[in-house]
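Quick note, the sequences are listed as chains A and B, same order.
Quick note on numbering: my numbering labels position 179 of the first sequence as 227, and the sequence is numbered without any gaps.
Quick note on numbering: my numbering labels position 260 of the second sequence as 291, and the sequence is numbered without any gaps.
Beta carbons: idealized from backbone N, C-alpha and C, even for Gly.
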Amino acid sequence: MKRLVVLSLVLAMVCGFAGMSVAADDTVRIGVFLPLTGQNAFGGQLELEGVQMAHKEMGEIMGKKVELFVVDNKSDKVESANAVKRLIEKEKVQAIIGTYGSSLAMAGGEVSEKAGIPQVGTSCTNPLVTQGKKYIFRVCFIDPFQGAGAATYAFKDLGAKKAALLIDVANDYSVGLANFFKKSFNKMGGEIVATLNYQSGDQDFTAQLQEIMSKEPDVLFIPSYFAEGAIIMKQAKELGSKFKIMGGDAMDNPEITAIGGDAVEGFMHTTFPYDPSMPDMNPVAKKFTADWNKANPGKDPNVNAALGYDAYMIIMDAIKRAGSAEPQAITDALAATKGFVGVTGTTTINETHDAEKPVGLVMIKGGKKTYVGSITPEL
Amino acid sequence: MNLATFIQHFLNSLTLGSLYALIAIGYTMVYGILRLINFAHSEIFMLGAYLVFWGITLFHLPWPVAMVASIILVAGIGILVDRIAYRPLRDAPRISALISAIGVSFFLQNVAIVFFQAIPRQVYRPAWLENPMLWGDVRVLPLTLFVPLLSLFLMLALVYIVYHTKAGLGMRAISKDIETSYLMGVSVNKVIALTFGIGSALAAASGIMWALRYPQLQPIMGAIPGFKAFIAAVFGGIGSIQGAVIGGVALGFIEIMTVAFFPDLAGYRDAFAFVLLIGILLVKPTGLLGVKTEDKV
Numbered sequence: 049m050k051r052l053v054v055l056s057l058v059l060a061m062v063c064g065f066a067g068m069s070v071a072a073d074d075t076v077r078i079g080v081f082l083p084l085t086g087q088n089a090f091g092g093q094l095e096l097e098g099v100q101m102a103h104k105e106m107g108e109i110m111g112k113k114v115e116l117f118v119v120d121n122k123s124d125k126v127e128s129a130n131a132v133k134r135l136i137e138k139e140k141v142q143a144i145i146g147t148y149g150s151s152l153a154m155a156g157g158e159v160s161e162k163a164g165i166p167q168v169g170t171s172c173t174n175p176l177v178t179q180g181k182k183y184i185f186r187v188c189f190i191d192p193f194q195g196a197g198a199a200t201y202a203f204k205d206l207g208a209k210k211a212a213l214l215i216d217v218a219n220d221y222s223v224g225l226a227n228f229f230k231k232s233f234n235k236m237g238g239e240i241v242a243t244l245n246y247q248s249g250d251q252d253f254t255a256q257l258q259e260i261m262s263k264e265p266d267v268l269f270i271p272s273y274f275a276e277g278a279i280i281m282k283q284a285k286e287l288g289s290k291f292k293i294m295g296g297d298a299m300d301n302p303e304i305t306a307i308g309g310d311a312v313e314g315f316m317h318t319t320f321p322y323d324p325s326m327p328d329m330n331p332v333a334k335k336f337t338a339d340w341n342k343a344n345p346g347k348d349p350n351v352n353a354a355l356g357y358d359a360y361m362i363i364m365d366a367i368k369r370a371g372s373a374e375p376q377a378i379t380d381a382l383a384a385t386k387g388f389v390g391v392t393g394t395t396t397i398n399e400t401h402d403a404e405k406p407v408g409l410v411m412i413k414g415g416k417k418t419y420v421g422s423i424t425p426e427l
Numbered sequence: 032m033n034l035a036t037f038i039q040h041f042l043n044s045l046t047l048g049s050l051y052a053l054i055a056i057g058y059t060m061v062y063g064i065l066r067l068i069n070f071a072h073s074e075i076f077m078l079g080a081y082l083v084f085w086g087i088t089l090f091h092l093p094w095p096v097a098m099v100a101s102i103i104l105v106a107g108i109g110i111l112v113d114r115i116a117y118r119p120l121r122d123a124p125r126i127s128a129l130i131s132a133i134g135v136s137f138f139l140q141n142v143a144i145v146f147f148q149a150i151p152r153q154v155y156r157p158a159w160l161e162n163p164m165l166w167g168d169v170r171v172l173p174l175t176l177f178v179p180l181l182s183l184f185l186m187l188a189l190v191y192i193v194y195h196t197k198a199g200l201g202m203r204a205i206s207k208d209i210e211t212s213y214l215m216g217v218s219v220n221k222v223i224a225l226t227f228g229i230g231s232a233l234a235a236a237s238g239i240m241w242a243l244r245y246p247q248l249q250p251i252m253g254a255i256p257g258f259k260a261f262i263a264a265v266f267g268g269i270g271s272i273q274g275a276v277i278g279g280v281a282l283g284f285i286e287i288m289t290v291a292f293f294p295d296l297a298g299y300r301d302a303f304a305f306v307l308l309i310g311i312l313l314v315k316p317t318g319l320l321g322v323k324t325e326d327k328v
C-alpha cells in the first residue's frame, strides 16, 4: 500500500513536470553550464563572457526574448551532470551551451542526450564528446583535425612534397593528429617518406631523427607536447637537420622557447583559429574584437571567449532556420549547419556533429609567437 | 646506412650508454654492500641537475663551479639519506629498508614538485659544448664526446678508490661479509656513508650530463633513466662495478641501434631492449659478470 502511494506521488510529480515544460511560450530559454570555479575556471569565465556578449548583441529571436540560465559545473564531472539536470528539469531550457573541458562535456552530455535537449560544446576537443550522440554538438574542432590543417599548410603554402612523422605512440592525441596529417598530405599528392615512433617520456630522439634525416623530407610533423617537442627540435638542430618542423596546439606554451632556445625559431604549430593579432579577420571577428575591447579595456579577447560567442550564435542561427525553438527542431537545424560565419571562422557541422572550420597557424619568430593565418584543411 | 650515419649512431649510443653506466654504478655499489636497491637514486640524479640550475640562476655561479658545488652537495644529501632512512633499519628485515627507499624516492620527488614546480625548466649549456665540429660528413657536438670522456674519467677514479685505497678495501670487505668486517674493526657505518656519498656524486654527475644532453629539467626526470640504469645494473650483474658499466653501455647501444637498423620498431624500442635483456638473464641468471652468492641469513 505504502509503495503504491509513493509510486502515485512520483507519477504525479513526473506528470506535473511534463505539464510545466509546455509553459513559457514567449521566451527562449538557453542554459549555460561552464566551470566558473575550480581548476578550469579561467577558461570557463572567459567563455561565459563570450556567451553574455553574444546574448547582449542578440537578446531576441523571432520576436521572443532569450533568457540565459547560467550554472557553474565547478570543474567537476559529477557537478557537471547535476548542472545539466538542473538546467533541463528546473529551468526547462530548450538548448544548452557548454562546456570547457572534454570530461565535463561528456558527463553533462549524457544527461542532455537522455533528455533530448541539444547541447553545443565550446572548447571540448576530445573526439569522444560527440561520438554516438544525437543531441551533442560543438563549435570547436576535434584535436586530430589540426593534423589536416598542418598538412594543408605544409603542402600548399610551404610547397613541401615529402613529409616525415615522429609520433608518440603512447598518446592518442599524437596518433590522431598524425593520422589526419598523413591522410590529408597523401590526398593532396604529397609523400610521407618516414614514420618513426617513440613513447611518452623518451628523451633520446637522435636515432629516430638520424633515420628521418636520411630520407631528406621537406617538413617534419611532430604532434607531441611542448616539453618533448622542444627537445626533439634541439636534437634535430644539433644533428644538422634542414627540414622545417610543425606541430599541434599542445606546443602552445611560452616555455617552449625557453627550453628550445634558437632551435625552435621558425617552428610552426596549429591552434584555434582566433587571435586578436590575426591579420585576416572576417567581419564577425572584427566586430567581436572591437566590441570586446570597448567592454573590457586593457584585457585582450581570447579564443575561449570567441568560442562562447560562437556557441550562442550558432544556436540562434539554428532557431532562425528552424523557425521554432523546440529542442528537436533546434537539434535538426544544428545538424544541418553549413557555412555558419562566426568569430572563429566559417563552420560546417559534419555527420559526427563536429565543427569543420579553419585551423589557425602560429610561427615562432624572434622567440615570439606570431599568428600567420588561418588554413582551411584539406580533409 | 652509410659510414657517416653509422658513426653518428655509434657516438649517440656511446653517449647514452655511458650515462646509463654512470647511474648504474650507483645502484650496484649500494646493492653490493647492503643488498639494498636504493630507489632514491633516480631522485638524487634529478637533484644533481636541478642544483646546477639553481646555482647558476640564483647565485650566479660560473658553470664549472655550480657543477662541482652540486656534486658535493648531492653527495652530502646521499649520506644524509642513508643516515636518516637506511641506517636505523640496518638490522631490520631487508624488505623494510626497501620500503624506506621507495618512501625516500617519493618524498624527494614530491619535495621537488613543490619547490621546483612541475613546469620543465631550461638548462644552461656552455657555448663550447654546443658548437658542432664537422669530420667529413659526421657532425659531432663537443658534448657528444665530453659526456663519455668525463664518465670514463669518473669510472677510473672510482676503480682507483675501490681497489687501491683503504676505504675501498673496507667496501670490498663489507660486500663480502658485513658481520666479519665489524669484528675485524672496519668502521662499517663510515664506509657505508662513503659508499652513499660516492654513489650519489656519480648520480649527480650523470644527472648534470643528462641535462646537458637532453636539456630540460623536470622533477620526475630521474624516473625513467634511473629505472633503465637499474636494469642495466642487473643485466651486467648487480654488485659488480664492471658489470654495471658493461650493462649500461650495452643498453645504450641496444636502444639506439634497434632504431637505427629497424626504424619500424622505434615505438617498441624499450620492449625490444628488455626482451633481449630477459633472454640474457634466462641464460645467465646472475647477469653478465655477476657471481653467485649464497644468501646471507
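Please classify residue i: is it buried, with 16 or more other beta-carbons within 10 angstroms of its beta-carbon, or exposed?
i: P271/A; result: buried
i: I115/B; result: exposed
i: N162/B; result: exposed
i: W166/B; result: exposed
i: T211/B; result: exposed
i: M364/A; result: buried
i: D120/A; result: buried
i: E286/A; result: buried
i: L84/A; result: buried
i: W159/B; result: exposed
i: N33/B; result: exposed
i: S206/B; result: buried
i: E108/A; result: exposed
i: I64/B; result: buried
i: F293/B; result: exposed
For the ligand ADP, any of its heavy atoms closer than 6 Å to the Cβ of residue i?
i: F266/B; result: Within the structure as shown, the ligand ADP is missing, as the structure has no ligands at all.
Measuring alpha carbon to alpha carbon, tell me which residue in the options is nearest residue i.
i: A198/A; options: D365/A, K334/A, C188/A, N227/A; result: N227/A
i: S231/B; options: D301/B, G257/B, L174/B; result: G257/B
i: L42/B; options: G228/B, V280/B, R203/B, P294/B; result: V280/B
i: F269/A; options: K263/A, A377/A, L213/A, A242/A; result: L213/A
i: F138/B; options: A263/B, A123/B, A260/B, I251/B; result: I251/B
i: D124/A; options: Q142/A, F117/A, S151/A, A284/A; result: S151/A
i: V306/B; options: A291/B, T196/B, E286/B, G321/B; result: E286/B
i: Q387/A; options: K416/A, E426/A, L206/A, I362/A; result: The question names Gln, but residue 387/A is Gly in the sequence shown. Considering only alpha carbons, the answer is I362/A.
i: V265/B; options: Q39/B, I68/B, L45/B, T46/B; result: I68/B
i: Y155/B; options: I75/B, T317/B, L248/B; result: L248/B
i: Q140/B; options: P93/B, Y81/B, I38/B, S127/B; result: Y81/B
i: K133/A; options: M411/A, G157/A, G237/A, V114/A; result: G157/A
i: F117/A; options: T254/A, I145/A, A278/A; result: I145/A
i: I333/B; options: M202/B, M240/B, L243/B; result: This structure cannot settle anything about residue 333/B, because the visible part of chain B is limited to 32 through 328.
i: G109/B; options: T226/B, Y191/B, N220/B; result: T226/B
Report back the beta-carbon spacing between residue i and residue j to the nearest angstrom; my notes put them in contact at under 8 Å.
i: V99/A; j: Y357/A; result: 7 Å
i: D191/A; j: Y148/A; result: That pair is no contact at about 15 Å.
i: V217/A; j: N174/A; result: Incorrect: roughly 18 Å between the Cβ atoms, too far for contact.
i: T178/A; j: D402/A; result: 6 Å
i: L94/A; j: N350/A; result: 6 Å
i: T392/A; j: A366/A; result: So it is not a contact: roughly 17 Å between Cβ atoms.
i: Y322/A; j: G408/A; result: 7 Å
i: G228/B; j: A71/B; result: With a Cβ gap of about 14 Å, G228/B and A71/B do not count as contacting.
i: I239/B; j: L308/B; result: Not a contact, Cβ separation roughly 27 Å.
Let me see if you follow: with CB-CB separation under 7 Å, is residue i close to chain D or not?
i: I38/B; result: No chain D is present in this structure, whose protein chains are A and B.
May I ask you to verify whether the segment 289-299 of chain A touches the segment 308-322 of chain A, counting CB pairs closer than 8 Å and requiring at least 3? Output reads yes: the segment 308-322 of chain A touches the segment 289-299 of chain A.
Output needed in chain order: residues of the segment 136-159 of chain B with a Cβ under 7 Å from some Cβ in chain A. If the cut-off is 7 Å between Cβ atoms, the segment 136-159 of chain B has I150, P151, Q153 near chain A.
Sufficient close CB pairs (3 or more, under 8 Å) joining the segment 252-262 of chain A to the segment 291-304 of chain B: The count of Cβ pairs closer than 8 Å, one atom from the segment 252-262 of chain A and one from the segment 291-304 of chain B, reaches three, so the stretches are in contact.
Return the residues of the segment 277-307 of chain A that lie within a Cβ-Cβ distance of less than 7 Å from chain B, sorted by chain order. Only A278, I279, K282, E286, L287, G288, E303, A306, I307 from the segment 277-307 of chain A bring a Cβ to less than 7 Å from some Cβ of chain B.
Report the residues of the segment 284-305 of chain B with a CB closer than 9 Å to any CB of chain A, ordered along the chain. E286, I287, M288, T289, V290, A291, P294, D295, L296, A297, G298, Y299, R300, D301: these are the residues of the segment 284-305 of chain B whose beta carbon lies less than 9 Å from some beta carbon of chain A, given in chain order.
Contact between the segment 264-282 of chain B and the segment 47-62 of chain B (3+ Cβ pairs under 8 Å): Output reads yes: the segment 47-62 of chain B touches the segment 264-282 of chain B.
When the Cβ atoms of the segment 266-274 of chain B are set against those of the segment 54-70 of chain B, are three or more pairs found closer than 8 Å? The answer is yes - the segment 54-70 of chain B touches the segment 266-274 of chain B, with three or more Cβ pairs under 8 Å.
Name, going along the chain, the residues of the segment 252-265 of chain A whose beta-carbon falls closer than 7 Å to a beta-carbon of chain B. Listed by position along the chain: D252, T254, A255, Q256, Q258, E259, S262.
Touch test, the segment 212-229 of chain B against the segment 417-427 of chain A, Cβ-Cβ under 8 Å, three pairs minimum: Using a Cβ-Cβ distance cut-off of 8 Å, the segment 212-229 of chain B and the segment 417-427 of chain A are not in contact, since fewer than three pairs of beta carbons, one from each stretch, lie closer than that value.
Would you list, in chain order, the members of the segment 239-250 of chain A that have their beta-carbon closer than 9 Å to a beta-carbon of chain B? Correct list: A242, T243, L244, N245, Y246, Q247, G249, D250.
Across the segment 373-387 of chain A and the segment 154-173 of chain A, are there enough close Cβ pairs to call them in contact, namely three or more that are closer than 8 Å? Counting Cβ pairs under 8 Å, three or more are found: they touch.
Note down, in chain order, all residues in the segment 203-220 of chain A with a beta-carbon under 7 Å from any beta-carbon belonging to chain B. The residues in question are V217.
Taking a cut of 7 Å between CB atoms, which residues from the segment 82-99 of chain B lie near chain A? Taking 7 Å as the Cβ-Cβ cut-off against chain A, none of the residues of the segment 82-99 of chain B qualify.
By the 7 Å beta-carbon criterion, what residues does the segment 252-270 of chain B contribute toward chain A? Of all residues in the segment 252-270 of chain B, I255 have a Cβ within less than 7 Å of some Cβ in chain A.
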